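Everything in the sequence shown is counted per our numbering, starting at 929 for the first residue and increasing by one.
Ideal Cβ placement from N, Cα and C applies to all residues, glycine included.
Fair warning: this is a prediction, and the values are worked out from it, not measured in the lab.
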Amino acid sequence: MPKTRIDPWGAIEIKDYGKVFKEFGLKPFPNEYKKRLDHLAFRRNIVIAHRDFEKIYDKIINKKPFINMTGIATSGYLHMGHKAVIDLFIFFKNCGAKNFFGICDIDAYTSRKKIPDLKTAKEFAVSNLADALALGLTKNDVYIQSKKEQRYYEFTFEISKKITGATFQAIYGTLDLGKISANLLQYADILHGQLKEYCGKMPSITAIAIEQDPHIRAVRDVAKRLPYSFELPSSIYIIHQPGLKEGMKMSSSEPDTAIFLNDKPEVAKRKILNAFTGGKDTVEEQKRTGGNPEVCKIYNIFRFHYPDDKKVEEIYKSCKSGKLLCGNCKEICIKFVENFLKEHQKKYKKFEPIARKMIFD
Ligand code: SF4
């Protein structure tokens, strides 16, 4: 059992990824795959590690089906960090995957103290689902946990017999009953696509942040104990888009760390203007010695979202050389984010009534 225990529900940035890889037995994401897979998350080292991705790579290259599974616990509004995960889900969808995007309202209610009742989780579900549809998912790609079929819940109870309290304790530390039930649902989310009532046995991929790895370790263990011949789920690990404040990831519970998909453009502008940068103390010093894009929250907005590789590289180089100053750089960023938000929010309006119907009807 690894010495480090990561809190899947925490908001702290992981500093030493190398140490975490080693302890949890993750493999660095191979350069060969980065070159062949046409998505910025691979090219820009946002996907950094994997478990058993070879199986998925093989399916993609040979144009064979595989399961694409991820989900969102509907405990708050979505931000740009969530967008990065959804973008990657859409990449796998376009590679010919069978898609299971979970809108996990029951999970959100049972695992998060801040969600007082299921109705609140469902209201966030409406918003999260409308965002996901506006970003490019279709109705057929998603399922809503509280409206899942009886077979899914039956399967969740089957899973409950295959994991002990001691295992939960060892993986997660002390857990309350709500979190235990949310975890059982998450294991069902990842595995149920392989039941014969859905797609049948086939490899599955789930893109997660590294602190979600306890769930993957647990689900792989459970998969072996169930009376089905499942493929062990594969996973890739994405780094978090850094939060706008120093040392924090983008977090729904810390509004000023993130740009939310429903932020008014002027709110996003204020957040960008106040964000932590890799700039120097004075303009003269920055012109002379250059900035530090690696730690800069503005640069990371470009890195995670700006579609044009050349432009991102140009920003990186001119920051490093001292040619680009933070004021100008923030202006470019504000324009990019404002345009994205305006477009996105227009689409969101169109999808909100559809999402509401899907959740509440
Ligand atoms: Fe960051 Fe841009 Fe300033 Fe460089 S110039 S430190 S990328 S804000």
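For residue i, which three-state DSSP category applies?
{"i": "Ala1116", "result": "helix"}
{"i": "Thr1048", "result": "helix"}
{"i": "Ile1187", "result": "coil"}
{"i": "Ser1132", "result": "strand"}
{"i": "Lys1177", "result": "strand"}
{"i": "Glu1182", "result": "strand"}
{"i": "Met929", "result": "Model confidence at Met929 stands at a pLDDT of 45, short of 50, so the residue's coordinates are unreliable; what they give is reported in the following sentence. The answer is coil: DSSP assigns Met929 none of H, G, I, E or B."}
{"i": "Pro1142", "result": "helix"}
{"i": "Ile1282", "result": "helix"}
{"i": "Tyr1071", "result": "strand"}
{"i": "Ala1203", "result": "coil"}
{"i": "Pro1170", "result": "strand"}
{"i": "Pro956", "result": "strand"}
{"i": "Tyr1156", "result": "coil"}
{"i": "Ile1287", "result": "helix"}
Need the endpoints of the beta strand (DSSP E) that residue i sits in, please.
{"i": "His978", "result": "Val975 to Arg979"}
{"i": "Thr998", "result": "Ile995 to Ala1001"}
{"i": "Tyr1165", "result": "Ser1162 to Ile1166"}
What residue from the options has the CA that sits closest to residue i's CA?
{"i": "Ser1249", "options": "Ile1262, Lys1277, Glu1213 and Pro1235", "result": "Glu1213"}
{"i": "Gly1106", "options": "Leu1160, Lys1041 and Pro1155", "result": "Lys1041"}
{"i": "Ile1018", "options": "Asp1035, Ala1001, Asp966 and Ile1138", "result": "Asp966"}
{"i": "Glu960", "options": "Asp1035, Leu954 and Phe970", "result": "Phe970"}
{"i": "Ala977", "options": "Lys955, Ile995, Ala1196 and Lys963", "result": "Lys955"}
{"i": "Ala1060", "options": "Ser1179, Ala1012, Phe994 and Arg1231", "result": "Ala1012"}
{"i": "Gly1064", "options": "Ile1167, Ile1187 and His1272", "result": "His1272"}
{"i": "Asn1027", "options": "Tyr1071, Ser1181 and Asn1256", "result": "Tyr1071"}
{"i": "Arg1302", "options": "Lys1263, Asn1068 and Thr1102", "result": "It is not possible to answer for residue 1302, since the shown part of the chain is limited to 929 through 1289."}
{"i": "Cys1254", "options": "Glu1222, Thr1066, Ser1181 and Leu1201", "result": "Leu1201"}
{"i": "Val1265", "options": "Phe1230, Tyr1276 and Arg1284", "result": "Phe1230"}
{"i": "Ala1036", "options": "Phe1029, Ala1110 and Gly1101", "result": "Ala1110"}
{"i": "Lys1152", "options": "Ala1137, Met1176, Val1054 and Lys1090", "result": "Lys1090"}
{"i": "Gln1073", "options": "Gly1093, Lys1215, Lys963 and Tyr1115", "result": "Tyr1115"}
{"i": "Lys1238", "options": "Lys962, Lys963 and Arg972", "result": "Arg972"}
{"i": "Lys962", "options": "Phe1158, Met1008 and Ile1164", "result": "Ile1164"}
{"i": "Phe994", "options": "Ile1260, Lys1274 and Tyr1126", "result": "Tyr1126"}
{"i": "Lys950", "options": "His1233, Cys1257, Ile1138 and Cys1261", "result": "Ile1138"}
{"i": "Phe952", "options": "Cys1032, Ile988, Gln1140 and Glu1086", "result": "Gln1140"}
{"i": "Ser1179", "options": "His1010, Lys991, Ile974 and Ile989", "result": "His1010"}
{"i": "Leu1154", "options": "Ala1186, Leu1119 and Gly1128", "result": "Leu1119"}
{"i": "Pro1193", "options": "Ala1025, Lys1270, Phe1158 and Arg1148", "result": "Lys1270"}
{"i": "Asp1191", "options": "Asn1267, Ile988 and Gly1030", "result": "Asn1267"}
{"i": "Phe1232", "options": "Ile1166, Lys1258 and Met1176", "result": "Ile1166"}
{"i": "Ile1031", "options": "Leu1160, Lys1274 and Val1054", "result": "Val1054"}
{"i": "Cys1261", "options": "Glu1280, Lys1277, Thr1210 and Ile1187", "result": "Ile1187"}
{"i": "Thr1095", "options": "Pro958, Lys1129, Arg1148 and Asp1045", "result": "Arg1148"}
{"i": "Asn1046", "options": "Val1240, Gly1128 and Gly1004", "result": "The sequence shown places Leu at residue 1046, not Asn. That would be Gly1004, whose Cα lies nearest to the Cα of Leu1046."}
Taking the continuous alpha helix (DSSP H) assigned at residue i, which residues delimit it?
{"i": "Gly946", "result": "Tyr945 to Phe952"}
{"i": "Cys1032", "result": "Note, Cys1032: premise wrong, no alpha helix (DSSP H); beta strand (DSSP E) at Lys1026 to Cys1032."}
{"i": "Val1013", "result": "Met1008 to Asn1022"}
{"i": "Arg971", "result": "Leu968 to Arg971"}
{"i": "Gly1250", "result": "Counting along the chain, Gly1250 falls outside any alpha helix (DSSP H), and DSSP gives it neither H nor E."}
{"i": "Arg1079", "result": "Gln1078 to Ser1088"}
{"i": "Asn1228", "result": "Lys1225 to His1233"}
{"i": "Arg1040", "result": "That residue, Arg1040, is in no alpha helix (DSSP H); it is neither H nor E in DSSP."}
{"i": "Gln1097", "result": "Gly1093 to Tyr1100"}
{"i": "Thr1210", "result": "Taken as a continuous stretch (DSSP letters only), Thr1210 belongs to no alpha helix (DSSP H), as it is neither H nor E."}
Going by beta carbon distance, what residues of the same chain come within less than 8 Å of residue i, once the five residues before and after it are set aside?
{"i": "Leu1252", "result": "Gly1219, Ile1243 and Ser1246"}
{"i": "Leu1123", "result": "Arg1079, Phe1083 and Tyr1156"}
{"i": "Pro1235", "result": "Leu968"}
{"i": "Lys1067", "result": "Leu1061, Ile1282 and Met1286"}
{"i": "Lys931", "result": "Caution applies to Lys931, whose pLDDT of 48 falls short of 50 and renders its modelled position unreliable; the value that the coordinates give is listed next. Closer than 8 Å at the Cβ level, and outside the excluded window around Lys931, lie Glu951."}
{"i": "Glu1182", "result": "Ala939, Gly1171, Lys1173 and Met1176"}
Considering only residues of the same chain and omitting the five flanking positions on each side of residue i, which have a CB-CB separation below 7 Å?
{"i": "Phe1204", "result": "Leu1172, Lys1173, Glu1174 and Lys1225"}
{"i": "Lys1021", "result": "Asn996, Asn1027 and Asp1069"}
{"i": "Lys1208", "result": "Gln1214, Thr1217 and Gly1219"}
{"i": "Lys991", "result": "Gly1024"}
{"i": "Ala1196", "result": "Ile1187, Val1265, Glu1266 and Leu1269"}
Measuring only between beta-carbons, confirm whether residue i sits less than 9 Å from chain C.
{"i": "Thr1134", "result": "In the structure shown, chain C cannot be found, because there is only a single protein chain."}
Which residues in the same chain as residue i place their Cβ atom closer than 6 Å to its Cβ, once the five residues preceding and following it in sequence are excluded?
{"i": "Pro1221", "result": "Gly1206, Tyr1227, Tyr1244 and Cys1247"}
{"i": "Leu1006", "result": "Asn1056, Asp1059 and Leu1189"}
{"i": "Tyr945", "result": "none"}
{"i": "Pro1170", "result": "Lys1225 and Asn1228"}
{"i": "Cys1023", "result": "Ile988"}
Meets three-Cβ-pair contact criterion under 8 Å: the stretch 969-989 and the stretch 1123-1140: yes
Given 8 Å, three or more beta-carbon pairs between the stretch 1046-1063 and the stretch 1273-1288: yes
Cβ contact check for the stretch 1138-1149 and the stretch 997-1006: 3 or more pairs under 8 Å: no
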